[in-house]
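Engineer: Each residue of the sequence shown is one higher than the one before, counting from 0 in numbering that gives the first Met the number 0.
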Amino acid sequence: MPLMLNEAIFMGQAPKGYTSLSGQSGAWATDNADAPIIRVLGERHTGTRAMIGMIEALPHLSASYTTPAARGARHVLNLMKAAADVEARSQGGSEVQSAFRDAKSLARPRAACWKHAYMQWDDSFFALAGVIISQRNPYSWVLAMFSRPYHHVGARIKDLDTFISTPWLTIPRERMALAVASPVALWVEKLAAAQRFAKQAEIPVTFLAFEPFLADPVARLGAALSELGQSAEGLVALAQSTKTEEPLEKVQARHAAEPWRKWLTSAQVAAINAHLDPEVAEAAGYALENPANFPDVLADADARTLQDYLTHRQANKPHRA
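1. Could you tell me the alpha carbon to alpha carbon distance between threonine 29 and alanine 231, rounded to whole angstroms?
2. In whole angstroms, give me the CA-to-CA distance for alanine 273 and aspartate 122.
3. First and last residue of the alpha helix (DSSP H) that includes glutamine 239?
4. Could you give the distance in angstroms between the alpha-carbon of histidine 44 and the alpha-carbon of phenylalanine 206?
5. Indicate whether serine 114 and valine 204 have their beta-carbon atoms separated by less than 8 Å.
6. Going by CA-CA distance only, name the one from Pro216, Ile131, Val152 and Lys189 that's closest to serine 240.
7. Can you tell me the Cα-Cα spacing of tyrosine 64 and alanine 110, whole angstroms?
8. From what residue to what residue does the alpha helix (DSSP H) around arginine 303 run?
9. Measuring alpha carbon to alpha carbon, tell me which residue in Asp101, Glu281, Asn292 and Ala34 is nearest leucine 60.
10. Return yes when the Cβ of arginine 195 is within less than 8 Å of the Cβ of cysteine 112, no when it is not.
11. Would you check if there are 3 or more beta carbon pairs closer than 8 Å linking the segment 258-278 to the segment 175-194?
12. Run through the segment 235-299 for me and flag every whole alpha helix (DSSP H) of 4 or more residues, listed as ranges in chain order.
13. Isoleucine 156 by DSSP, collapsed to three states: which one?
14. Tell me the DSSP secondary structure of threonine 161 in three-state form.
15. I'd like to know whether the C-beta atoms of glutamine 251 and leucine 213 end up nearer to each other than 8 Å.
16. Please tell me whether glycine 129 and isoleucine 202 are closer than 8 Å, where the distance is taken between their beta carbons.
17. Quick check on glycine 71: buried or exposed, where buried means 16 or more other Cβ atoms within 10 Å of its Cβ?
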C-alpha cells in the first residue's frame with residue numbers, strides 16, 4: 000500500500016524518530032546517529048524530494064547529513080530563520096528568506112550543501128555511505144522548469160520560446176557561475192559536474208533517472224540503494240506528487256505517454272539542442288531529438304493539454320527545495 004505523503008516530512012514538523020533541522024523543508028536528521036547517510040543530489044524537477052521522502056521513511060537510513068557544528072547551532076539558526084520570516088512577511092517578499100538559506104547552505108561542507116548545488120568531490124563526502132544522483136530527460140525537464148521555475152532570478156518569463164533561450168541567473172547556494180547561457184545550459188553544467196563527481200568519488204555513487212523511478216519507485220530506488228550496499232527493506236512509494244499532490248497513478252500515466260513529444264515544436268527542440276552538450280546527454284542515456292520529428296505548430300488539442308498542465312502546476316503553492 001503506498002505511503003501517504005506526510006506533510007510533516009516536508010513542511011516543518013519532524014516525523015517520528017527524526018529531529019527537525021531549523022525547520023528547512025526536507026532537512027531532517029535521524030535520531031539514530033549510526034544510521035548510514037544516503038544523500039540524493041540532482042537538479043530541480045528530477046524527483047529528489049520523493050526519493051528523499053522514501054529513504055527518510057526507512058528506520059535504518061538517513062537522507063541528510065548535518066555536521067556537529069550545525070547541530071550545536073540549531074537553536075540560533077531557528078531564531079535567525081524566524082527573524083527572516085518576519086522580515087519577509089513585513090516587506091512582502093522572500094528575498095530575506097532566500098538570502099538566509101543561501102548563507103546557511105554556503106557555510107556547510109559540500110557533502111551537506113543544497114541538494115541542487117553544483118557537485119564537486121571533496122573529503123567531506125567520506126561522512127556519507129553513498130550518493131544517489133537524480134537526472135531527467137532534458138526536453139521533459141525544460142517543460143517542468145518552465146512551469147515551475149523556482150529560484151528564478153528576475154521577472155517570470157511567460158513565453159516558452161523566450162524561456163528556452165534566455166540566460167539563467169544562478170543563486171549563491173548553487174555554488175557555480177553567476178549565470179549560464181540558458182536553463183538548458185544549467186541542466187548541462189549541473190549534470191556534467193555530477194558525471195565528473197561520480198568518476199572522482201571515493202564512496203559509492205549511482206545515478207537514478209526520473210523516468211524509470213516514477214514508473215516504479217520502489218523497484219528503481221530499491222535497486223539504487225542495493226547498488227550502494229544498503230538494504231531497501233520496508234521501502235514504500237509515496238502515494239502522491241510532492242509538488243502538486245496528484246495521485247501517483249495519475250502522474251505515472253501522464254509521464255508514461257511522454258507528452259512533451261506533443262508539447263514542443265520543431266523550433267523549440269532545435270533551440271534546446273543548441274544549448275545541449277551531446278556527450279553529456281548521451282552519457283546520461285538521452286539522445287538528442289530530431290526537430291523534424293516535431294510539429295511546426297502544436298495541434299489545438301495538444302496546445303490545450305499543455306496549457307492545462309502548466310496551469311495546474313503553476314496553481315499549486317511553490318515549495319522550498
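Backbone N, C-alpha and C define an ideal beta-carbon position, used for all residues, glycine too.
Structural biologist: Reading it off the structure:
1. Only weak support is given to the placement of threonine 29: the predicted model assigns it a pLDDT of 44, under 50, and the value that follows is read from those uncertain coordinates. Between threonine 29 and alanine 231, the C-alpha separation is close to 17 Å.
2. 36 Å
3. First-last for glutamine 239: undefined, no H or E at that position.
4. 15 Å
5. Going by the sequence as given, residue 114 is lysine instead of serine. Not closer than 8 Å, so no.
6. Pro216
7. 7 Å
8. DSSP places arginine 303 inside the alpha helix (DSSP H), whose first and last residues are 299-314.
9. Ala34
10. no
11. yes
12. 247-255, 259-262, 265-274 and 277-282
13. Looking at isoleucine 156 - three-state DSSP - the assignment turns out to be coil, as it is neither helix nor strand.
14. In the three-state reduction of the DSSP assignment, threonine 161 falls in the helix class.
15. yes
16. yes
17. Here the model assigns glycine 71 a pLDDT of 48, short of 50, so the residue's position is not dependable and the matter cannot be decided.
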